[in-house]
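Residue 1 is where the sequence shown starts when you use full-length UniProt numbering, and the numbers rise one by one after that. All C-beta atoms, glycine included, are put in the ideal place defined by N, C-alpha and C.
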Amino acid sequence: MKINKGECPLKPTQLTPSKKKQVLIYYISLFILIGIAFSLILFYKHQQTLTITNGIVNMREGPGITYNMKEQLKEGTHYQVLDEQNHWKKIIANEGQVGWIPDWLTTDGVLSSNGNMQNSGFIATVINNQASVHEEAQASSKEIGKASQGEKFNIIHQEGGWINIQFRDDIGWLPQDKLEITPGTIAEAPRREQTQEEQEASKKFLSQYDAIVTATAAGAHICKAPEKGSEIVYKASKNEKFAYLGQKGAYYHVKVENGQEGYLANWLADSNSQAMAKKAEKAAAHSTLSHKTIVLDPGHGGKDPGATRGDYQEKDYTLQSAQAIKKALEEKGATVIMTRKDDTFIDLGPRAEIYNKAKADAFISLHYDAAEETTASGNTTYYYDKKSIPFAEAIQEQLMEQMNVPSNGIRHAVYQVLADSHNPAILIELGYMSNPNDVDKFTKPQYHDKLADAIVNGLLVYFQN
C-alpha cells in the first residue's frame, strides 16, 4: 500500500469516533432487548394460567363485539391475561394466539360489586345477516319477525340452546348460536301510562284477591294451559297486574281484568303471593316432621369439585345448603342423615345405599348446575319414578314462591342416586355456576337460609298429603 509522506497508517483494530458510537449504541440496544426478553419470561412464568370453561368463546381483535372475530377458542383452552379493558381481557392462548375475550366467560370469578355485571341482565346481539324470531323455543314454531345483524335485545330467559328476548312489544326466541351475549341492559322506550280511570278500575279488580302477579316483559304470553306450545289467550303489557289464582308447575295461574284466565311463566313475572307458605302453615297444623327421617345428599366432594367458576366450586355450596337445611329440619324435630358431612369424596352408589339402609322417608340430592350459555338460570327439581312426582311438586312450588331465582319446574331424569333409591327421591339443581347473577345470590348465607325454609315447607305439605 502506498503511504504518503507524513501520514500514519491506521492500525487494523483502530475505530473512528463515529464507528465507536455505532458500536456503543448497538451493545446498549442489545442489552435493552435482552432485559425486555428476560422480563417477559419472568412475567409469563409468574402469570396465572386460566382456562376457557364456557363452551366456545369468540376471540376478537379488540375489546368489544364490534371488533372482527379472529377465531373461536374451544372449551379447555389455556390462556394468560396480558391486559384488561371494560370487562374484556387481552390474552395469549396456549398456541400463541393473541386477542380479546369477554371476562364474563372466563374462569377467574364473578365480577366484583364495583362496576359489576351482577343482577344487571344480559344483552343479545345478532351476529348473522338476519335471524328469524320464533314464538316458541323451537325452529318449527311460528315466526314473529326478523332480527338484523347488529340488532340488540334484552335477554329474558334461556332454555335448551334458545334465548328468550324482548322483541319490540312482544317476546320471542332466537337460537343461541346466532347471538353474541354481553352483560348489560338496553333502556326501553317509555310506555303509555294508565289513565286515572284505568288505575281505579284495576285497583278495584285486584282488591278482590289476596295476591298479585306483575308481568315483567312486554308481550308476555298468558296461555290456555301451563305448558309449552299452549294457545296464547292474552299478551300482557310490561308491569300489567293480574289477580293471582295459584301455581301450576313453573306457571302462575292468573286472571285478567276482562275475566280471561290463563297461565303466565314465572320468569316473565313477579308475584307477592305467600300462598304456598300459608299452605305449609296449614299443613304444619295437621302433620309433623318429628317422626320423619330425611337423607340430605350434598353433591360432589373431595376430589370431585363439581361445576366450577374460578375459585367457586359446586361441592362447597351443596354442603353449605345441606347444612342449612339440616339445621332447619332438626329444629322441626326431623332426624337428618347426611351422605357427607365434610369435603369428602363419596361415589354415587353408596349415596343411595345410605338412604335405602336407613329406610328413610325422603331423599334430597343437592346440586348447582352449569351450562354453556351464561344466561341459563334458576332451579330445577328432578325425579325418576312416578312415586316421587308429588314430592317434587311439593318442593318445587315452595322454591318458586320463596327463592329469588326463576323456577324451571320439575323434570324427569335418570340419575343414579334417584334410580337406585327405593323410597321417594328428588335431585335439585339450585342455581347455575355458569351464571354470574345466580352465583352472586347463592354465595350469600341468606340464600341457603331461604332454601332451608322452602324445603321444610315443601316436606310439611308433602307429608300431609
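Within the same chain, 394, 395, 398 come within 7 Å of residue 458 by CB-CB distance, once the 5 residues on both sides are set aside. Counting the other CB atoms within 10 Å of its CB gives residue 190 a total below 16, which places it among the exposed residues.
The continuous beta strand (DSSP E) containing residue 425 extends over residues 425-432. If only uninterrupted beta strand (DSSP E) runs of at least 3 residues are considered, those enclosed by the region 359-411 are 362-369, 379-383. The residues 460, 463, 464, in chain order, have a CB closer than 8 Å to that of residue 287 in the same chain once the five nearest residues on each side in sequence are set aside.
In the pairwise beta carbon analysis, the region 273-283 is classified as not touching the region 319-332: fewer than three pairs are separated by under 8 Å.
According to the DSSP assignment, residue 463 belongs to the alpha helix (DSSP H) that extends over 445-464.
Excluding sequence positions up to five before and after residue 356, its CB lies within less than 6 Å of the CB of 422, all in the same chain and listed in chain order. Residue state for residue 128 is assigned as coil, using DSSP reduced to three classes. In chain order, 384 place their CB closer than 8 Å to the CB of residue 414, counting only its own chain and leaving out the 5 sequence neighbours on each side. Scanning 223, 164, 227 for the CA closest to the CA of residue 260 turns up 223. About 6 Å separates the beta carbons of residue 302 and residue 343, which is inside the 8 Å limit, making them a contact pair.
In this structure, residue 248 keeps its C-beta atom at 8 Å or more from the C-beta atom of residue 234. Residue 332 has its alpha-carbon roughly 43 Å from the corresponding atom of residue 165.
Its chain contains 223, 224, 263 as the residues whose beta carbon lies nearer than 8 Å to that of residue 230, once the 5 sequence neighbours on both sides are disregarded; these appear in chain order.
Inter-residue distance for residue 132 and residue 126 is about 10 Å (C-alpha atoms, whole angstroms). Excluding sequence positions up to five before and after residue 236, its CB lies within less than 6 Å of the CB of 215, 220, all in the same chain and listed in chain order. Residues 126, 130 of the same chain have their beta carbon placed closer than 7 Å to that of residue 148, with the five preceding and five following residues left out of the count.
In the DSSP annotation of this structure, residue 68 is not part of any alpha helix (DSSP H), being labelled neither H nor E.
8 Å or more divides the Cβ of residue 173 from the Cβ of residue 181.
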